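**Student:** Chains as they are written, first to last, in the working numbering: chain S, 25 to 153; chain H, 25 to 153.
Protein chains: 2
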Amino acid sequence: MRNRLATYNGAAAFAALADPTRRAVLDLLRAGSLSAGQIAHAFPVSRPAISKHLRLLRRARLVEQRRLGRLRLYSLNPDPLKAVDSWLERYRSFWSANLASLKRFVESEYQNEKTAARARRKARARKRI
Amino acid sequence: MRNRLATYNGAAAFAALADPTRRAVLDLLRAGSLSAGQIAHAFPVSRPAISKHLRLLRRARLVEQRRLGRLRLYSLNPDPLKAVDSWLERYRSFWSANLASLKRFVESEYQNEKTAARARRKARARKRI
DNA sequence: ATAATGTGTAACTATACGGTTTCGCATTTA
DNA sequence: TAAATGCGAAACCGTATAGTTACACATTAT
Chain S
25 MRNRLATYNG AAAFAALADP TRRAVLDLLR AGSLSAGQIA HAFPVSRPAI SKHLRLLRRA
85 RLVEQRRLGR LRLYSLNPDP LKAVDSWLER YRSFWSANLA SLKRFVESEY QNEKTAARAR
145 RKARARKRI
Chain H
25 MRNRLATYNG AAAFAALADP TRRAVLDLLR AGSLSAGQIA HAFPVSRPAI SKHLRLLRRA
85 RLVEQRRLGR LRLYSLNPDP LKAVDSWLER YRSFWSANLA SLKRFVESEY QNEKTAARAR
145 RKARARKRI
């Protein structure tokens, strides 16, 4: 097993999703496999540019390639998106839960911070002396 | 209303999430507000580096800043993550649904592609003549 | 066999990005 | 008022990235 696979944590997926063209490529592939040429046809950039995006998506394991004659057919592999999804999972409560109570929570943290920062400052001051 | 707000579509959020440090900053803020200094303290990079990350996160509306004396308190704003979540939503079926049927679907698309590509090639060939 | 087609790679350019150090400004403390 | 503190901005550097054009290679068509 290669190290990149073993230590996979979704970082590559996050990086891959940063580019709007690559997100659009994935959106295209949601409907089914497409050849590299067909994908390139859907964008205003040159074919080699798409080729590079596809290489990045391949390395992030977000797409899979299969050769058919001289065509390279690309299909979606949603697995790495699971990592993105599970990262997002930890934030879902922030907008699905009661917003008022969240606000209260943040406010109280804000107050804690105020006194904590003061205490920390004093502690550092003592240390320095 | 500024244009950036009006045309907001989550692109900035995706770009912001590409960096592991920024994701970690958001993870920190999940527990409550923190000052810029406290955030910087949690990372092995310089404070200005964190300052730049925070600016990017602010521009992506993923964090909010509030001044308290000479402290700048940062808190999480999960709203832009909704856009990320809803983008991901369209992919969720790909791993929650029956994988066998998905496979069949992809296979059939693959077959369609094979003949479609052939037809398209011929069409283009005719056009060129 | 030769030509045409599909696609990836190479080489190059411009720009964005993450990092650093230095500086400046506002606020708080002494 | 003067010193210390918190933090962002500026200037700079090295590298990554998105794009281009030119090329190479394999496969299909003639």
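For every residue, glycine included, the Cβ atom is placed at its ideal position computed from N, Cα and C.
In this text, all values refer to a predicted model and were calculated from it rather than measured experimentally.
Give the interface partners of R114(S) over in chain H, defined as CB-CB distance under 7 Å, in chain order.
**Tutor:** Simply R54.
**Student:** Taking P102(S) and W119(H) to be in contact with their CB atoms under 8 Å, please state how far apart those CB atoms are, rounded to whole angstroms.
**Tutor:** About 5 Å; that satisfies the 8 Å criterion.
**Student:** Kindly provide the ranges of any beta strand (DSSP E) runs that are 3 or more residues long and lie completely inside the segment 55–134 of chain S, ordered along the chain.
**Tutor:** Here the runs fully enclosed are 87–92 and 95–100.
**Student:** Do you know how far the Cα of A73(S) is from the Cα of L105(S)?
**Tutor:** L105(S) and A73(S): Cα-Cα distance of roughly 23 Å.
**Student:** Can you tell me which of P68(H), S70(H) and G61(H) puts its alpha carbon nearest to the alpha carbon of R94(H)?
**Tutor:** R94(H) has its Cα closest to that of G61(H), out of P68(H), S70(H) and G61(H).
**Student:** Given that K106(H) touches chain S, what residues does it touch there, using C-beta distances under 8 Å?
**Tutor:** Within chain S, the residues near K106(H) are W119.
**Student:** Between F67(S) and chain H, is there a C-beta pair that is closer than 8 Å?
**Tutor:** Not an interface residue.
**Student:** Thinking just about the alpha-carbon of each residue, which of L41(S), L80(S), K76(S) and L100(S) is nearest to the one in A36(H)?
**Tutor:** Looking at the Cα atoms, L41(S) is the closest of the given residues.
**Student:** Where D43(H) and R90(S) are concerned, what is the direct C-alpha to C-alpha distance, given to the nearest angstrom?
**Tutor:** The straight-line gap from Cα to Cα measures roughly 30 Å.
**Student:** How would you call L97(S), buried or exposed, if buried means at least 16 neighbouring beta carbons within 10 angstroms?
**Tutor:** By the neighbour-count rule (16 or more Cβ atoms within 10 Å), L97(S) is buried.
**Student:** Expressed to the nearest angstrom, what Euclidean distance is found between the alpha-carbon atoms of D51(S) and E113(H)?
**Tutor:** Taking the straight line joining both Cα atoms gives about 12 Å.
**Student:** On the DSSP letters alone, give me the boundaries of the alpha helix (DSSP H) that D43(S) sits inside.
**Tutor:** It is not in any alpha helix (DSSP H) - D43(S) carries neither H nor E in the DSSP assignment.
**Student:** How big is the Cα-Cα spacing for A48(S) and R83(H)?
**Tutor:** So the two alpha carbons sit approximately 23 Å from each other.
**Student:** Quick one, are the C-beta atoms of G34(S) and V108(S) less than 8 Å apart?
**Tutor:** Going by C-beta atoms, G34(S) is nearer than 8 Å to V108(S).
**Student:** Out of curiosity, what's the CA-to-CA distance linking R46(S) and I63(S)?
**Tutor:** So the alpha carbons of these two residues sit roughly 11 Å apart.
**Student:** Near S59(S), what residues of its chain come up, given a Cβ to Cβ distance below 6 Å and the 5 sequence neighbours on each side ignored?
**Tutor:** L95 and L97.
**Student:** Return yes when the Cβ of S99(S) is within less than 8 Å of the Cβ of S57(S), no when it is not.
**Tutor:** Yes, the pair counts as a contact, with Cβ atoms nearer than the cut-off.
**Student:** Note down, in chain order, every chain H residue with its Cβ under 9 Å from the Cβ of R47(S).
**Tutor:** Residues of chain H passing the Cβ test: A35, F38 and W111.
**Student:** For L53(H), collect the residues of the same chain with a Cβ closer than 7 Å to its Cβ; drop the 5 residues on either side in sequence, then sort them by chain order.
**Tutor:** Result list for L53(H): V87, Y98, S99 and L100, in chain order.
**Student:** Could you compute how far the alpha carbon of R79(H) sits from the alpha carbon of R85(H)?
**Tutor:** Cα to Cα, R79(H) sits roughly 10 Å from R85(H).
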